[in-house]
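Novice: Here it is, the structure in full.
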Amino acid sequence: MPVGTVKVFSPRRGSGFIVPDSGGDRVYVHKSGISAEGDTPGMRLEAGQRVEFSIGQRPKGPAAVNVRPAPAGSLSPRDAAALAARESAAAGEGGESSSTGA
1427 MPVGTVKVFS
1437 PRRGSGFIVP
1447 DSGGDRVYVH
1457 KSGISAEGDT
1467 PGMRLEAGQR
1477 VEFSIGQRPK
1487 GPAAVNVRPA
1497 PAGSLSPRDA
1507 AALAARESAA
1517 AGEGGESSST
1527 GA
């Protein structure tokens, strides 16, 4: 199931776009494509939110369906790269002493 980040979602219009992690064009999402969580009729989407979804078809083209929160710990490619860089930098600092002994 594809994973992506909500680029924009307008509650007033009930629609927005998701940017897939796999790249390519953004995907249209309508409120009817948002999966219900428990007794909630449908979750709210917010810009920057990580979601997983399926691709369905609508008359004007592809659309995200079965949209739900991405699994915990799911990072965007950009966030994963930033985390790896921080961990690499921290590992490089671990073996050096920073005291000057003045």
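Under this note's numbering, the first residue of the sequence shown is numbered 1427, with each subsequent residue one higher.
Just so it is clear, CB atoms sit at the ideal spot from N, CA and C, and this is done for glycine as well.
Where does the unbroken beta strand (DSSP E) through I1444 begin, and where does it stop?
Specialist: S1441 to P1446 is the extent of the beta strand (DSSP E) around I1444.
Novice: Per DSSP, S1514 is paired with what?
Specialist: DSSP output for S1514 lists no bridge partner at all.
Novice: With DSSP as the reference, label S1458 as helix, strand or coil.
Specialist: In the structure shown, S1458 falls within a helical segment according to DSSP collapsed to helix, strand and coil.
Novice: Looking at the unbroken beta strand (DSSP E) that takes in P1488, where does it start and where does it end?
Specialist: G1487 to P1495
Novice: Would you report the Cα separation of G1442 and A1496, rounded to the nearest angstrom?
Specialist: Looking at the two C-alpha atoms, the distance is approximately 17 angstroms.
Novice: Count the other C-beta atoms from every protein chain shown that fall within 10 angstroms of the C-beta of S1524, then say buried if there are 16 or more, exposed otherwise.
Specialist: Low confidence applies to S1524: its pLDDT is 49, below 50, so where it sits in the model is not reliable, and the reading given next is rough at best. Exposed.
Novice: With respect to 6 angstroms, is the separation between the Cβ of M1469 and the closest non-hydrogen atom of the ligand ATP below this value?
Specialist: As for the ligand ATP, it is missing from this structure, which has no ligand bound.
Novice: Using 10 angstroms around the beta-carbon of E1478, count the other beta-carbons present and answer buried if the total reaches 16, otherwise exposed.
Specialist: The C-beta of E1478 has 16 or more other C-beta atoms within 10 Å across all chains shown, which makes the residue buried.
Novice: Run the CB neighbour count on T1431, radius 10 Å, all protein chains shown included, and call it buried at 16 or more, exposed below.
Specialist: With 16 or more other Cβ atoms within 10 Å, it is buried.
Novice: By alpha-carbon positions, which one of Q1483, R1512, A1516 and S1458 ends up nearest to V1493?
Specialist: Answer by Cα proximity: S1458.
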